[in-house]
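Worksheet for the structure shown next.
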Amino acid sequence: MKPIGYWLNRTDKALTTSMNSMLAEFGLTRLAWQILNVVGDDPQATDTDVLTVLAANADATALTDAIGTAVADGWAARPEPGRLTLTDDGRAHLAKVAERVDAFRELSTAGITREEYRIAVTVLERMTHNLEGGAER
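Its first residue numbered 17, the sequence shown is counted upward by one per residue in the numbering used here.
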């Protein structure tokens, strides 16, 4: 049996590659889609909010570049410096993408029960907490 690190890396690469391929027709990547969701979930979102929420997904440079692309592509706007909001076009595109993302999630969890998924996430959260210094030593 391969160790968990092997499967974590391989799963993340498979998720990113598959999702990037699926999102390409919408002009998005997995990271850009994640950024738009953070901005869509918080109408007062700041660049710092996006960087904080998605810190585990990419480094600050990649996130900052993706934020710039979302603004340049017209999916997000800056109502004031350092703040982000979805444009009408961004909201409309996210609504179209949502259906495809739901199908992607169904595909990626095929044959996995809700309980198995919950357990896997719980174990990974606990491992992360242990390694990030949250466990008493």
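Idealized CB from N, CA, C, for every residue including glycine.
Distance, Cα to Cα, V66 vs Y22?
As a first step, residue 66 must be located in the sequence shown, where it is residue number 50. As a first step, residue 22 must be located in the sequence shown, where it is residue number 6. CA-to-CA, the gap between V66 and Y22 works out to about 28 Å.
Evaluate V139 with the Cβ neighbour count: other Cβ atoms within 10 Å of its Cβ, from every protein chain shown; 16 or more gives buried, anything less gives exposed.
Taking the first residue of the sequence shown as 1, we reach residue 139 at position 123. With fewer than 16 other Cβ atoms within 10 Å, it is exposed.
Among A114, G106, D57, T68, which residue has its Cα nearest to the Cα of A86?
On the sequence shown, position 70 is the one that residue 86 refers to. Ranking A114, G106, D57, T68 by Cα distance to A86 puts G106 first.
Nearest by alpha-carbon distance to L110: which of M38, N36, L52, R26 is it?
Position 94 of the sequence shown holds residue 110. L110 has its Cα closest to that of L52, out of M38, N36, L52, R26.
To which residues of the same chain is A93 closer than 7 Å at the C-beta, ignoring the five residues directly before and after it?
As a position in the sequence shown, residue 93 is number 77, starting the count at 1. Listed in chain order, the non-local C-beta contacts of A93 below 7 Å within the same chain comprise V87, T101, T103, local neighbours out to five positions each way being set aside.
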